[in-house]
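Numbering (our numbering), first residue to last: 25 to 347.
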């Protein structure tokens with residue numbers, strides 16, 4: 025099945041109609057277009073055939089200024105905060121049978137769309153948060169799960185209130201798993217992202233003062249990151265860094281099972297006999313509750329071994345046959 029970035033969905037493919045989208049976002053259907061809708065974009069330069077363009081306000085510009093460009097690029101729908109002028113609506117109609125929906129809050133509409141789209145599928149979702157190593161852990165985890173399943177992951181570090189919903193809107197039936205990095209830029213954001221993605225496995229890599237000026241305190245950062253483990257279902261797994269006391273203190277905040285990883289001797293998943301191979305990477309013994317096995321990674325440094333342990337823990341939590 026083709027990816028949403030290159031494929032305009034037909035009525036036989038997973039999609040939303042304009043009427044469905046308007047109902048999901050609680051908006052007014054200004055123009056009831058006929059094109060099937062799948063995927064989303066907030067930058068008119070990244071619009072591809074069939075997506076919905078959410079016209080978000082920005083610090084330097086406003087998405088509503090680029091409706092014509094979005095439709096010309098193939099947008100099947102546009103979601104706006106203000107109803108376009110009659111001349112603009114006429115031009116959009118003339119260019120394409122596009123759907124136009126007006127909402128009070130385009131960002132909330134994007135998030136509601138992603139939440140509804142997520143509910144149509146049943147992939148194994150892994151959420152990853154933490155003050156350090158989120159992106160590298162996400163990449164290694166996706167590689168591990170990719171040995172068995174077709175995996176969706178965030179592009180780059182699109183891990184916030186905009187990027188994660190856009191990633192979720194790329195879900196297809198072919199995706200058996202999704203590995204989603206979750207960043208915290210404001211209080212409550214992890215809880216919001218978890219409500220959209222509904223992860224079954226949650227990884228917390230660290231609690232550090234990386235964004236201390238924004239969060240206010242280490243306690244606030246810890247509370248924010250803990251929202252991921254709090255969101256997990258009873259049949260889920262919280263994967264926690266055994267080398268970080270603040271992370272391990274989250275153990276009692278989740279209904280899910282807990283699997284720890286790290287260099288600590290008490291970690292469920294740990295590394296032994298760590299050896300640097302210079303520019304060739306690292307070698308270590310992976311120790312799990314069911315056994316041990318030698319591992320070689322091309323990534324450099326002890327921190328890369330730590331990331332690999334997190335990825336291995338996710339694989340075990342997902343039921344993969346690791347040692």
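All residues carry an ideal CB built from backbone N, CA and C; glycine is no exception.
All values reported here derive from a predicted model rather than from experimental measurement.
Only buried fits residue 311, as 16 or more other CB atoms lie within 10 angstroms of its CB. Restricting attention to beta strand (DSSP E) runs no shorter than 3 residues, the segment 56-139 encloses them at 76-78, 101-104, 123-126, ordered along the chain. Taking one beta carbon from each stretch, the segment 95-106 and the segment 70-77 have 3 or more pairs nearer than 8 angstroms; the two touch. Annotation: the continuous beta strand (DSSP E) that includes residue 299 extends over 293-300.
For residue 263, the closest of 342, 326, 179, 319 by C-alpha to C-alpha distance is 342. Around the beta carbon of residue 128, a 10 Å sphere encloses fewer than 16 other beta carbons of the protein chains shown; the residue is thus reported as exposed. Around residue 135, the same chain offers 185, 189, 216, 220 as residues with beta carbons nearer than 8 angstroms, after the five sequence neighbours per side are excluded.
Spanning the alpha carbons of residue 250 and residue 58 requires a straight line of approximately 43 angstroms. The three-state reading of DSSP puts residue 206 in coil, since its state is none of H, G, I, E or B. Looking only at 176, 159, 50, 210, the smallest Cα-Cα distance to residue 332 is reached by 159. Taking every protein chain shown into account, the CB of residue 90 has 16 or more other CB atoms within 10 angstroms, so this residue is buried. Burial is judged here by how many other beta carbons sit within 10 angstroms of a residue's own beta carbon; residue 175 has at least 16 and is buried. Here DSSP, grouped into helix, strand and coil, assigns residue 319 to strand.
In the DSSP assignment, no residue is bridged to residue 248. For residue 272, no pairing in a beta bridge is given by DSSP.
The three-state reading of DSSP puts residue 333 in helix, counting H, G and I together. For residue 216, the enclosing alpha helix (DSSP H) stretches over residues 213-221. The segment 39-52 makes contact with the segment 116-125, as at least three CB pairs between them are under 8 angstroms.
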